[in-house]
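Positions -18 to 474 (this note's numbering) are the ones given, in order, by the sequence shown.
By construction, the Cβ of each residue, glycine as well, lies at the ideal position given by its N, Cα and C atoms.
Worksheet: the structure to be examined is printed underneath.
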Amino acid sequence: MRPEIKPALAGLPQLASPAAAWRRRLLLPLAFTGGLASLGIEFAAARLLAPFFGQSLFIQLTAAAALLTAAIPIASRPILSLAQSGFAQVSVGLVLGSLISVIVLFAAPVILLGMVSPFVIRLRIRELETAGNAAGAVYALSTLGSILGTFVPVFWLIPSYGTRPTIFVLAFLLGAISAAGLYEPGRRRLYLLIPVLIIALALLSGGAIRAATYGTRIFETESAYNYIQVVRAGNETQLLLDEGSAIHSIYDPTTLYTHGYWDDVLLAPYFGSGRVPGRVALVGLAGGTVARQFTAIDGPIPIDGVELDPKIVDVGRRYFHMTEPNLHVTVADGRYWMATQAGRYDVILVDAYRQPYIPFYLTTREFFESAKAHLLPDGVLAINVGRTPTDNRLVDALSGTLNAVFPNVFTIETNQRFTNTVIYATSAPATVDRFLARAQAESNPKLQPIVADALATGNIRRVPANGIVFTDDLAPVERLIDDIILSYIRSSR
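Below is the structure:
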């Protein structure tokens, strides 16, 4: 048997020298590190885009991948800044050019890492009888590394240290094991410069994650869910998330009013009981703008605020004066909270649609049925929906779905500083005329300016059923949002 096997293995390298033996011992650790780094880089790549839109051949591959990985945070910053400018200028060529550049930037190290396992298997096979064992061991360790590369960056490194430090940690792991594999007695040790160079790149990449597109940046951080930025524009403190295309909370100590959808939410009782709400729930609390509005205008009514991201809660308390004693904050997913912890409310606001990142499970008939079960008989469900000045398809889809759950659905548009629509759904007897009568009879002077804005520019109307119903089985909200964005870009050229 042996003479027949040797020809089949003639192309395989013969490992005999001490250096070769040392490298053989590094094969399995290298497969593990390659799997960990590959998945970790892919997850970190997605997070990096958010704030902007011979025998030593296998070791040389990981060394090159390590250096390319370490270059990503530095090279990506000007590229992503150009992409962001392209979106702001609605420049398709600039956006696509930047996107292709980023894809190439990430593709190089990931492709190199994808070559590691096949090379390791080839180098570990000495006899055909043991080929299966060799391949199995490599892929087992590579898979284990991939599992860790999935969870460790997302749940520990990125939330604790940020995206760029995470990428440098992965690059350093690859660089360190590559340098160890390149060790050979009597050889010049320039390979030791690989991890040193990675550390130098990490030190050079300090500074802000992303510059403020306007105003003055006063805080930024990363969480497990978002890139968070707080900017000050005039008297206002504003909360921006991820690419910063929308303002999620406003705090202005000089005025009570935002002239945005946060004001319009306070009009919800006019569609229901007509009274000051006894209890309110806010799904998507953000920096607490609506909680502050309700408390300042209607008094210290009990408010349950639900926010998925604990770092946003911390930012709200630190920068947005979210200190109302009547506000009870729960850090949880909105749908899970609705199903397990919610009480009974006069008003429920869903403000968790952070375009273009809309959780589909918060847009479905089943979710709205769950919310309805937690409303008092004359309670009102309010949904904040972003839109473009000329495209109401998302509003139509959600109001159509709400019509499958509630007998009465209405909208009020925000057409001054922002382009939002608040959809109101209720089981109480409600008409536009009844709303107008209650609004015009409002005696609370703090509410009267909000009423005046809504009556002047809100285009208050009842929305009939339109046949569109999103369900847990089919809610193509991502496709709808993508189409709206592309249509907006085409119409703006």
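Here's a check: name, in chain order, each residue in its chain whose Cβ is nearer than 8 Å to the Cβ of S539, leaving out the five neighbours to either side. This structure gives no information on residue 539, because the portion of the chain shown stretches from -18 to 474.
Cβ-based neighbour list, R346, same chain, cut-off 7 Å, excluding 5 preceding and 5 following: Here residue 346 is taken as the residue at index 365 of the sequence shown, counted from 1. Short of 7 Å from the beta carbon of R346, and not among the five residues preceding or following it, lie these beta carbons of its own chain, in chain order: T382, A385, V386, V450, F451, T452.
Do the CB positions of A363 and V246 come within less than 7 Å of each other? One-based indexing of the sequence shown puts residue 363 at position 382. One-based indexing of the sequence shown puts residue 246 at position 265. Here A363 is near V246, since their CB atoms are less than 7 Å apart.
Check each candidate in P10, P234, T197 and name the one with the smallest Cα separation from V212. Here residue 212 refers to the residue found at position 231 of the sequence shown. For the residues P10, P234, T197, the minimum Cα distance to V212 belongs to T197.
Assess, as a yes-or-no matter, whether the segment 355 to 371 is touched by the segment 277 to 285 under the definition of 3 or more beta carbon pairs within less than 8 Å. These segments do not touch.
Strand pairing of F153, partner residues [DSSP]: The residue given as residue 153 occupies position 172 in the sequence shown. Beta-bridge pairing links F153 to no other residue.
Does DSSP put P234 in a helix, in a strand, or in coil? Residue mapping note: residue 234 aligns to position 253 of the sequence shown, counting from 1. Coil, per DSSP.
Along the chain, where does the alpha helix (DSSP H) that runs through N401 open and close? Position 420 of the sequence shown, counted from the first residue, corresponds to residue 401. No alpha helix (DSSP H) contains N401, which is instead part of the beta strand (DSSP E) from 401 to 407.
Can you give me the C-alpha to C-alpha distance between P234 and A152, rounded to a whole angstrom? Position 253 of the sequence shown, counting from 1, holds the residue named residue 234. Position 171 of the sequence shown, counting from 1, holds the residue named residue 152. Going by C-alpha positions, P234 is about 45 Å away from A152.
Under the rule that 16 or more other beta-carbon atoms within 10 Å means buried, what is R299, buried or exposed? Taking the sequence shown and counting its residues from 1, one reaches residue 299 at position 318. An exposed status is given to R299, since fewer than 16 other beta-carbon atoms sit within 10 Å of its beta-carbon.
Any chance the segment 262 to 272 sits against the segment 330 to 343, with 3 or more Cβ pairs inside 8 Å? Yes, the segment 262 to 272 touches the segment 330 to 343.
Within the segment 326 to 381, note down every full alpha helix (DSSP H) run reaching 4 residues or more, in order along the chain. Listed in chain order, the complete alpha helix (DSSP H) runs (minimum 4 residues) inside the segment 326 to 381 are 346 to 354.
Quick one: Cα of I465 to Cα of N373, how far? Position 484 of the sequence shown, counting from 1, holds the residue named residue 465. Position 392 of the sequence shown, counting from 1, holds the residue named residue 373. So the alpha carbons of these two residues sit roughly 9 Å apart.
Out of curiosity, what's the CA-to-CA distance linking F349 and P445? As a working mapping, residue 349 is identified with position 368 in the sequence shown. As a working mapping, residue 445 is identified with position 464 in the sequence shown. Taking the straight line joining both Cα atoms gives about 17 Å.
Going by the DSSP bridge assignment, what does I209 pair with across the sheet? Position 228 of the sequence shown, counted from the start, is the residue given in the question as residue 209. When beta bridges are read from the DSSP output, I209 appears opposite T202, L222.
Given that a residue counts as buried once 16 or more other Cβ atoms are within 10 Å of its Cβ, and exposed if not, what is G475? This structure cannot settle anything about residue 475, because the visible part of the chain is limited to -18 through 474.
7 Å CB neighbourhood of R419 in its chain, flanking five on each side removed: The count along the sequence shown starts at 1 and reaches residue 419 at position 438. If we look at R419 and ignore the five residues flanking it on each side, its Cβ neighbours are Y251, G255.
Can you check the segment 380 to 464 for any beta strand (DSSP E) of at least 3 residues that lies completely inside it and give the ranges in chain order? Positions of the beta strand (DSSP E) runs, each at least 3 residues long and wholly inside the segment 380 to 464, are given as 389 to 395, 401 to 407 in order along the chain.
Taking its Cβ as the centre, do 16 or more other Cβ atoms sit within 10 Å of N447, making it buried, or is it exposed? Residue 447 sits at position 466 when you count from the first residue of the sequence shown. Exposed, because fewer than 16 other Cβ atoms sit within 10 Å of the Cβ of N447.
Excluding the five sequence neighbours on either side, which residues of its own chain have a C-beta within less than 8 Å of the C-beta of Q429, listed in chain order? Within the sequence shown, the letter at position 448 stands for residue 429. Result list for Q429: E423, in chain order.
Within 10 angstroms of its Cβ, does I475 collect 16 or more other Cβ (buried), or is it exposed? A question about residue 475 goes unanswered here, because the residues of the chain that appear run from -18 up to 474.
Give the DSSP-derived three-state secondary structure of G253 in the structure shown. On the sequence shown, position 272 is the one that residue 253 refers to. Looking at G253 - three-state DSSP - the assignment turns out to be coil, as it is neither helix nor strand.
Would H240 pass as a contact of Q397 if the rule is Cβ separation under 7 Å? Along the sequence shown, one-based indexing puts residue 240 at 259. Along the sequence shown, one-based indexing puts residue 397 at 416. Yes, they are a contact pair.
Residue range of the alpha helix (DSSP H) that V296 falls in? To locate residue 296, count along the sequence shown from 1; it is residue 315. For V296, the enclosing alpha helix (DSSP H) stretches over residues 291 to 300.
To the nearest angstrom, how far is it from the Cα of Y238 to the Cα of L222? Residue mapping note: residue 238 aligns to position 257 of the sequence shown, counting from 1. Residue mapping note: residue 222 aligns to position 241 of the sequence shown, counting from 1. Y238 and L222: Cα-Cα distance of roughly 22 Å.
Identify the residues that DSSP records as bridge partners of I284: which are they? Translated into positions along the sequence shown, residue 284 becomes position 303. The partner list for I284 (beta bridge, DSSP) reads V261, L308.
Pull up the DSSP beta-bridge partners for A214, would you. Counting from one through the sequence shown, the residue named residue 214 turns up at place 233. The partner list for A214 (beta bridge, DSSP) reads E217.
DSSP three-state call for T194: helix, strand or coil? As a working note, residue 194 is residue 213 in the sequence shown. If DSSP states are grouped into helix, strand and coil, T194 belongs with coil.
Short check: CB of V287 to CB of A313, under 7 Å? By 1-based counting over the sequence shown, the position of residue 287 is 306. By 1-based counting over the sequence shown, the position of residue 313 is 332. For the pair V287 and A313, the CB atoms are nearer than the 7 Å cut-off.
Own chain, CB closer than 8 Å to H309, minus 5 neighbours either side, in chain order: Here residue 309 corresponds to residue number 328 of the sequence shown, with the count starting at 1. Apart from sequence neighbours up to five positions away, the residues of its chain that approach H309 with a beta-carbon distance below 8 Å are P283, I284, D285, G286, ordered along the chain.
C-beta atoms of I393 and I441 nearer than 7 Å: Taking the sequence shown and counting its residues from 1, the one referred to as residue 393 is at position 412. Taking the sequence shown and counting its residues from 1, the one referred to as residue 441 is at position 460. I441 sits close to I393, with the two beta carbons spaced by under 7 Å.
Within 10 Å of its beta-carbon, does D454 have 16 or more other beta-carbons around it, so buried, or fewer, so exposed? Numbered from 1 along the sequence shown, position 473 holds the residue referred to as residue 454. Exposed: under 16 other Cβ atoms inside 10 Å.
Closest Cα partner of G162 within the set T194, L248, L8: By 1-based counting over the sequence shown, the position of residue 162 is 181. Comparing Cα-Cα distances from G162 to each of T194, L248, L8, the minimum goes to L8.
H229 versus I175: straight-line alpha-carbon distance, rounded: Sequence index remark: in the sequence shown, residue 229 carries index 248 (1-based). Sequence index remark: in the sequence shown, residue 175 carries index 194 (1-based). Their Cα atoms are separated by approximately 43 Å.
Alpha carbon of I326 to alpha carbon of L178, nearest angstrom: Mapped onto the sequence shown, residue 326 falls at position 345. Mapped onto the sequence shown, residue 178 falls at position 197. It should be pointed out that residue 326 corresponds to Tyr in this sequence rather than to Ile. Going by the C-alpha atoms only, they are around 58 Å apart.
Between the alpha carbons of I180 and T144, how many angstroms are there, rounded? On the sequence shown, residue 180 is found 199 positions in, with the first residue counted as 1. On the sequence shown, residue 144 is found 163 positions in, with the first residue counted as 1. If you take the alpha carbons of I180 and T144, they lie about 15 Å apart.
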